[in-house]
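Q: Following UniProt numbering from start to finish, the sequence shown increments by one per residue and tops out at 200.
Each residue gets a CB set at the ideal place from its N, CA and C atoms; glycine is no exception.
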Amino acid sequence: MRVVAARPVARCATTRAQPNPIATFNTSYGSFKAEIYLDRVPRTASNFIDLARSGFYDGLHVHRVVPGFMAQFGCPESRDPRSPLQGVGGPPDGAFENLVTNETEQRSNGGLIADEHVDRTSNGPGTLSMANTGAPDSGGSQFFFNVGGNAQLDWFSPGPSRHVVFGALVDSAAYETAVAISRVRADDDDRPAEPGAGNE
1 MRVVAARPVA RCATTRAQPN PIATFNTSYG SFKAEIYLDR VPRTASNFID LARSGFYDGL
61 HVHRVVPGFM AQFGCPESRD PRSPLQGVGG PPDGAFENLV TNETEQRSNG GLIADEHVDR
121 TSNGPGTLSM ANTGAPDSGG SQFFFNVGGN AQLDWFSPGP SRHVVFGALV DSAAYETAVA
181 ISRVRADDDD RPAEPGAGNE
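(1) Please confirm whether residue 143 and residue 161 have their CB atoms less than 8 Å apart.
(2) Would residue 105 and residue 46 qualify as a contact pair, given that the criterion is a beta-carbon distance under 8 Å?
(3) Count the other C-beta atoms from every protein chain shown that fall within 10 angstroms of the C-beta of residue 61, then say buried if there are 16 or more, exposed otherwise.
(4) Going by CA-CA distance only, name the one from 74, 126, 109 and 145 that's closest to residue 135.
(5) Tell me which same chain residues have a C-beta within less than 6 Å of the C-beta of residue 83, skipping the five on either side of it?
(6) What's the call for residue 123, buried or exposed, on a 16-neighbour Cβ count within 10 Å?
(7) Using alpha carbons as the reference points, say which of 86, 111, 165 and 18 lies closest to residue 141.
(8) Helix or strand or just coil, what does DSSP make of residue 13?
Below, the structure written as structure tokens:
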């Protein structure tokens, strides 16, 4: 999959609001777009935009699919769609710019960023959400497209899941593409059985 993040206007919190950037996902199932919620979760969104602009996501494969639930993407180990390490990788440590505050943010301890529990957008159908290990501050490059109503994953819901929504698919066609990807045949570990599913 190739992710192209539109370049938003760099701005600080005191300037007039600009439209959120739109990311284009080019896949073997077609291209689709998502709004990235830079105005709601600037750290999480800026992390995604920085990785997309750098080409980090180019050539990666969707590595986990669960029909009616989600399709997960963003592990660098998925560059080899048969790798048993798919799902455990992340980006390198380093710095990136918060595109709202203009402050420098950090990826550390294996490319992880600090949790951003500030916006209460729910993990509803068609949203993009940050994947993590279940531990605090354990998101990095992996994220998932919700294809079902997954409010149990909200960081503000009861229970252990704490997943921050940082975007949403822009239209029903984009949502149907994500649904189609989530329905590809998978093995017992929810890995697509057809190498290349969702990749371009």
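A: According to the data block:
(1) Along the sequence shown, read from residue 1 onward, the residue named residue 143 stands at position 143. Along the sequence shown, read from residue 1 onward, the residue named residue 161 stands at position 161. No.
(2) Locating residue 105 in the sequence shown gives position 105, counting from the first residue. Locating residue 46 in the sequence shown gives position 46, counting from the first residue. Annotated as proximal: residue 105 and residue 46, with beta-carbon spacing under 8 Å.
(3) Taking the first residue of the sequence shown as position 1, residue 61 is located at position 61. By the neighbour-count criterion, in which 16 or more other beta carbons inside 10 Å mark a residue as buried, residue 61 falls on the buried side.
(4) By 1-based counting over the sequence shown, the position of residue 135 is 135. Residue 109 is the option with its Cα nearest to residue 135.
(5) Taking the first residue of the sequence shown as 1, we reach residue 83 at position 83. For residue 83, where only same-chain residues beyond five positions count, the Cβ hits under 6 Å are 77.
(6) Numbered from its first residue, the sequence shown carries residue 123 at position 123. Answer is buried; the Cβ neighbour count reaches 16.
(7) Counting from 1 along the sequence shown, the entry for residue 141 is found at position 141. In terms of Cα proximity to residue 141, the closest of 86, 111, 165 and 18 is 111.
(8) For the purposes of this step, residue 13 is identified with residue 13 of the sequence shown, where counting begins at 1. Its pLDDT being 41, under 50, residue 13 is placed unreliably in this model, and the value from its coordinates should be taken loosely. For residue 13, the three-state secondary structure derived from DSSP is coil.
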